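Below: one structure, written as structure tokens.
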Amino acid sequence: MFLNNKYIDKQICNGTIGIVTDMNKEQEIVRVAFCINRGIVDVEIYLDNNINKASLHLDDQIFAPDQAYHVAISRCRFLDDVIILFLTLDAFKADEKVKKEYIRLEEIIYLKCQD
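The sequence shown runs 34 to 148 under this note's numbering.
Encoded structure:
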């Protein structure tokens, strides 16, 4: 996943998913991540990344699936610091795979409750 907005003109921005096509085998870098639940973003907030107030314009043009809440809201320390200036439901897009997985998990829970 690309983690910044360096190549917006090439339609590559924060959150863009890609495929590794080449590797430098002379330098080894290891990062291990455990996915607990699809569609949940692991948010790490560092003190220097916090902002005091976030004014958000949430429409269908600015977010990838499952990320409507992430960009500015996650940087505020308190919910009172978030000001939503404009909001449409189209800003909250969910990946179809995530929807199917959520339904599958709900069915499993429902069946276990029936026992």
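By construction, the Cβ of each residue, glycine as well, lies at the ideal position given by its N, Cα and C atoms. Keep in mind the model is a prediction, meaning the values are calculated, not measured.
Report all residues from its chain with a CB closer than 6 Å to the CB of residue i; omit the five preceding and five following residues, and keep chain order.
i, result
"N38", "C46, N47"
"F35", "I45, T49"
Does DSSP put residue i in a helix, in a strand, or in coil?
i, result
"L144", "helix"
"V115", "strand"
"I50", "coil"
"L120", "strand"
For residue i, count the other beta carbons within 10 Å of its own beta carbon; 16 or more makes it buried, fewer makes it exposed. Which is it?
i, result
"A124", "buried"
Less than 7 Å between C-beta atoms, sequence neighbours within five positions excluded: which residues of the same chain meet that for residue i?
i, result
"G51", "F35"
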